[in-house]
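In this note's numbering, the protein residues as written are 6 to 229.
Pasting the structure below:
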């Protein structure tokens with residue numbers, strides 16, 4: 006075991022504990038630290054460790070729709086879909102993936118996840134509401150998303166800007182910690198399975214935390 010000094014994007018230096026020796030020698034252990042990411046996004050068969058670090062960097066370099074990219078003018082459905090596709094295309098797993106479709110948006114409105122459109126155009130507030138729905142539905146069921154976004158007492162623009170600030174802090178703090186815990190044999194099938202099992206369980210814990218918070222929301226009665 007040794008300590009390695011890492012530097013965050015903001016220039017802050019932190020010391021993290023690594024397995025093995027400072028010269029790079031490692032002894033395989035059956036124990037597993039769950040703070041790692043899947044390692045099959047970036048292909049580099051020459052040097053496995055840098056490849057994994059590049060994977061983490063790529064995952065946390067996702068693109069967001071910035072508030073000033075959402076026009077103040079109302080947008081037609083096709084314009085909304087184009088905005089999402091152009092700005093968030095880097096989040097696709099494959100080029101053929103659809104991040105948002107007309108059917109999805111219509112279902113969100115039908116199921117009460119967002120307010121109905123008046124006429125054929127979506128207001129800036131509705132687009133901000135849709136952005137919140139888009140992020141939440143990556144993890145939560147639609148009924149749970151509805152409990153959070155299907156309301157008229159929420160400033161969706163403010164909540165979305167808060168999310169962007171939170172993501173900025175996450176991008177600074179989390180990658181160095183993950184990099185310090187990379188597995189010793191990243192292409193080993195058992196390590197790959199253990200990593201994905203642990204990451205799935207982390208996601209499960211966080212989803213359950215969200216669900217518990219949603220379950221604590223007071224029931225709205227008609228007229229509230």
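We treat Cβ as the ideally placed atom computed from N, Cα and C, and that holds for glycine.
Would you call residue 143 buried or exposed, if buried means 16 or more other Cβ atoms sit within 10 Å of its Cβ?
Residue 143 is exposed by the Cβ-count criterion.
If you drop the 5 nearest sequence neighbours on each side, which residues of the same chain put their C-beta closer than 7 Å to that of residue 151?
Taken in chain order, the residues that qualify are 116, 117, 118.
Measuring straight from C-alpha to C-alpha, what distance separates residue 101 and residue 87?
The straight-line gap from Cα to Cα measures roughly 15 Å.
Assuming residue 83 contacts residue 104 under a Cβ cut-off of 8 Å, what Cβ separation, rounded to an integer in Å, is found between them?
Here residue 83 is actually not in contact with residue 104; their C-beta atoms are around 14 Å apart, not less than 8 Å.
Nearest CA to the CA of residue 159: which residue from 70, 133, 77, 127?
Minimum Cα distance to residue 159 is reached at 133.
Between which two residues does the alpha helix (DSSP H) containing residue 195 stretch?
That run of the alpha helix (DSSP H) goes 194–220.
Secondary structure of residue 142, DSSP reduced to three states
The three-state reading of DSSP puts residue 142 in coil, since its state is none of H, G, I, E or B.
Alpha helix (DSSP H) runs contained entirely in the segment 121–172, provided each spans 4 or more residues:
Taking only runs of at least 4 residues, the alpha helix (DSSP H) segments lying wholly in the segment 121–172 are 129–141, 147–154.
Pull up the CB-CB distance for residue 79 and residue 128, whole angstroms please, since I reckon it's below 8 Å.
Indeed, because the Cβ distance is near 5 Å, the residues count as touching under 8 Å.
So the candidates are 192, 201, 196, 120; which of them puts its Cα closest to the Cα of residue 161?
Ranking the options by Cα distance to residue 161, first place goes to 120.
Three-state secondary structure (DSSP) at residue 105?
Reduced to three states, the DSSP call for residue 105 is coil.
Assuming contact is defined by CB atoms lying nearer than 7 Å, are residue 95 and residue 68 in contact in what I supplied?
Cβ atoms of residue 95 and residue 68: closer than 7 Å.
Secondary structure at residue 80, three-state DSSP: helix, strand or coil?
Residue 80 sits in a strand when the DSSP states are folded into three classes.
With 16 other CB atoms within 10 Å as the buried threshold, where does residue 113 fall?
Residue 113 comes out buried.
Look at the alpha carbon of residue 137 and the alpha carbon of residue 165, and state the distance between them as a whole number of angstroms.
Taking C-alpha positions only, residue 137 is separated from residue 165 by approximately 6 Å.
Rounded C-beta distance between residue 135 and residue 215? I'm assuming under 8 Å.
With a Cβ gap of about 19 Å, residue 135 and residue 215 do not count as contacting.
Return yes when the Cβ of residue 219 is within less than 7 Å of the Cβ of residue 149, no when it is not.
Inclusion of residue 149 and residue 219 in the CB contact set at 7 Å is warranted, their separation being smaller than that value.
Closer than 8 Å by C-beta to residue 126: which residues in its own chain qualify, once you throw out the five before and the five after it? Chain order, please.
Only residues of its own chain outside the window of five on either side were considered, and among them 79, 80, 81 have a CB closer than 8 Å to the CB of residue 126, listed in chain order.
Here's the rule: buried if 16 or more other CB atoms are within 10 angstroms of the residue's CB, otherwise exposed. What is residue 210?
With fewer than 16 other Cβ atoms within 10 Å, it is exposed.
Among 156, 139, 124, 184, nearest to residue 110 - alpha-carbon criterion:
Among 156, 139, 124, 184, the Cα nearest to that of residue 110 is on 139.
Buried or exposed for residue 2, please, with buried defined as at least 16 other CB atoms from any protein chain shown within 10 angstroms of its CB.
With the chain covering only 6 through 229, there is no way to say anything about residue 2.
Under a Cβ-count criterion, where at least 16 other Cβ atoms within 10 Å of its own Cβ denotes burial, should residue 222 be classed as buried or exposed?
Counting the other Cβ atoms within 10 Å of the Cβ of residue 222 gives fewer than 16, which makes it exposed.
Would you kindly work out how many angstroms separate the C-alpha atoms of residue 182 and residue 194, rounded to a whole number?
Taken atom to atom, the span from the alpha-carbon of residue 182 to that of residue 194 is near 23 Å.
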